[in-house]
Amino acid sequence: MTMQYQVPDMSCQHCVQSITRAVAQAVPGTSVQVDLSNHRVTVTGTEDQARVEGAIREAGYTAIPA
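Residue numbers for the sequence shown follow full-length UniProt numbering, beginning at 1 and rising by one.
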């Protein structure tokens with residue numbers, strides 16, 4: 001399954017690293033791709049949408065399903 005999120009408050013490479021690390025730790029085995037210029041995060045390899053959204057939010061960012 002592939003999930004996409006708009007993360008409007010993501011603005012730099014530090015944000016990218018924080019989100020990628022948070023999702024990878026919360027849901028091991030996932031693939032996280034970030035398009036910083038479009039503020040989009042794509043996660044594949046899990047169906048646990050609540051856990052992915054929670055990880056992004058716990059990292060300090062807004063996760064809006066796209």
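Where a beta carbon is used, it is the ideal one built from N, C-alpha and C, also for glycine. Please read these numbers as outputs of a predicted model, since none were measured by experiment.
For Thr2, the uninterrupted beta strand (DSSP E) run begins and ends at Thr2 to Gln6, by DSSP. Judged by beta-carbon spacing, Thr46 lies beyond the 8 angstroms limit of Thr20, meaning their Cβ atoms are not closer than that value. Inclusion of Val52 and Val27 in the CB contact set at 8 angstroms is warranted, their separation being smaller than that value. Between the beta-carbon of Asp9 and that of Thr42 there is about 17 angstroms, and that puts the pair past the 8 angstroms contact cut. No Cβ-Cβ contact shorter than 8 angstroms links Ala59 with Ser11.
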